[in-house]
Amino acid sequence: MKILLATALALLVSACALLPDSGPVTIERGHAQDMARMLSQYRAERGLPALRVDTSLMAAAEEQARTVAGRDRLAHGNFTGRIHRHGVDTDHAFENLAAGDPTPQAALATWKASPDHHRALISPASTRIGYVRALAPQTRHRTFDVLVLASD
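So, in structure tokens, the structure goes:
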């Protein structure tokens, strides 16, 4: 039994050594109001309602920003489970991810140029957002943007 446990522990330690180490990740929450303003202006040009920053959506966005930056790979994971864990109770929610964009404005331009991401930006039911940017200079992408939109 001791040999089996020692072998399992050795395999676990070896597997952990294979995981990528993205180094330190810095979270920037300060761009959320600017993103809400830019998106609201864009939506107003299309007759859509303005957006406001929501603390629950900020928490969900930050969790995902840390995750994708730590893995140096974009993936939504269990989006529904994540927003529900942060107290978001809606059937109308979207998540846009971007990597490698030098500024929040560039991330927004990336999303505007992508049909699926653009649909999320102009969803008429959306009223609130969470936007977080993760900086991970040791990774391939270096920047990771997470935007969560939802209805009330």
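First residue of the sequence shown? That's 1 in the UniProt record's numbering, and the numbers climb one at a time after it.
The beta carbon of each residue, even a glycine, is placed where N, CA and C say it ideally should be.
This structure is a prediction, so every number in the text was calculated from the model and none was measured.
### Task
With a 10 Å radius around its C-beta and 16 neighbouring C-beta atoms as the bar for buried, classify residue 86 as buried or exposed.
In the sequence shown, counting from the first residue as 1, residue 86 sits at position 86. Looking at its Cβ environment, which holds 16 or more other Cβ atoms inside 10 Å, residue 86 is buried.
### Message
Quick check on the DSSP output: the beta strand (DSSP E) that includes residue 68 runs from which residue to which?
### Response
Here residue 68 refers to the residue found at position 68 when the sequence shown is read from its first residue. First-last for residue 68: 55-71, but that is the alpha helix (DSSP H), not the beta strand (DSSP E).
### Query
By the 10 Å Cβ neighbour count, where 16 or more other Cβ atoms means buried, how is residue 92 classified, buried or exposed?
Stepping through the sequence shown from its first residue, residue 92 is reached at position 92. Looking at its Cβ environment, which holds fewer than 16 other Cβ atoms inside 10 Å, residue 92 is exposed.
### Task
Would you check if the stretch 23-41 and the stretch 49-64 touch, i.e. whether three or more CB-CB distances between them fall below 8 angstroms?
yes
### Message
Rounded to the nearest angstrom, what separates residue 2 and residue 129 at their Cα positions?
### Response
Walking along the sequence shown from the start, residue 2 turns up at place 2. Walking along the sequence shown from the start, residue 129 turns up at place 129. Here residue 2 scores only 38 on pLDDT, less than 50, and its place in the model is too uncertain to base an answer on.
#### Entry: beta strand (DSSP E) segment containing residue 77, residue limits
For the purposes of this step, residue 77 is taken as residue 77 along the sequence shown, with counting starting at 1. First-last for residue 77: undefined, no H or E at that position.
### Query
What do you reckon, are the CB atoms on residue 109 and residue 151 nearer than 8 angstroms?
Position 109 of the sequence shown, counted from the first residue, corresponds to residue 109. Position 151 of the sequence shown, counted from the first residue, corresponds to residue 151. Not closer than 8 angstroms, so no.
### Among 104, 132, 96, 106, nearest to residue 115 - alpha-carbon criterion
Locating residue 115 in the sequence shown gives position 115, counting from the first residue. Minimum Cα distance to residue 115 is reached at 96.
### Task
Spell out the partners DSSP gives residue 130 in its beta bridges.
In the sequence shown, counting from the first residue as 1, residue 130 sits at position 130. Residue 130 is bridged to 148.
### Query
Taking just the CA atoms, how far does residue 31 sit from residue 111?
Along the sequence shown, read from residue 1 onward, the residue named residue 111 stands at position 111. Along the sequence shown, read from residue 1 onward, the residue named residue 31 stands at position 31. Roughly 16 angstroms between the two C-alpha positions.
#### Entry: Whole-angstrom C-beta distance between residue 69 and residue 139, which should lie under 8 angstroms
Residue 139 sits at position 139 when you count from the first residue of the sequence shown. Residue 69 sits at position 69 when you count from the first residue of the sequence shown. Confirmed, about 7 angstroms.
### Task
Check residue 107 in the structure and name its three-state DSSP category.
Within the sequence shown, the letter at position 107 stands for residue 107. Residue state, collapsed to three classes: helix.
### Query
Around the Cβ of residue 119, are there at least 16 other Cβ atoms within 10 angstroms (buried) or fewer (exposed)?
For the purposes of this step, residue 119 is taken as the residue at position 119 of the sequence shown. Looking at its Cβ environment, which holds fewer than 16 other Cβ atoms inside 10 Å, residue 119 is exposed.
### Task
State the DSSP-derived secondary structure class of residue 136, mapped to helix, strand or coil.
Position 136 of the sequence shown, counted from the first residue, corresponds to residue 136. Looking at residue 136 - three-state DSSP - the assignment turns out to be coil, as it is neither helix nor strand.
### Message
So the candidates are 44, 104, 100, 105; which of them puts its Cα closest to the Cα of residue 143?
### Response
In the sequence shown, counting from the first residue as 1, residue 143 sits at position 143. Ranking the options by Cα distance to residue 143, first place goes to 100.
### Message
Just to check my reading of the structure: residue 132 and residue 65 have Cβ atoms closer than 8 angstroms, yes? What is that Cβ distance to the nearest angstrom?
### Response
On the sequence shown, position 132 is the one that residue 132 refers to. On the sequence shown, position 65 is the one that residue 65 refers to. Right, their Cβ atoms sit about 4 angstroms apart.
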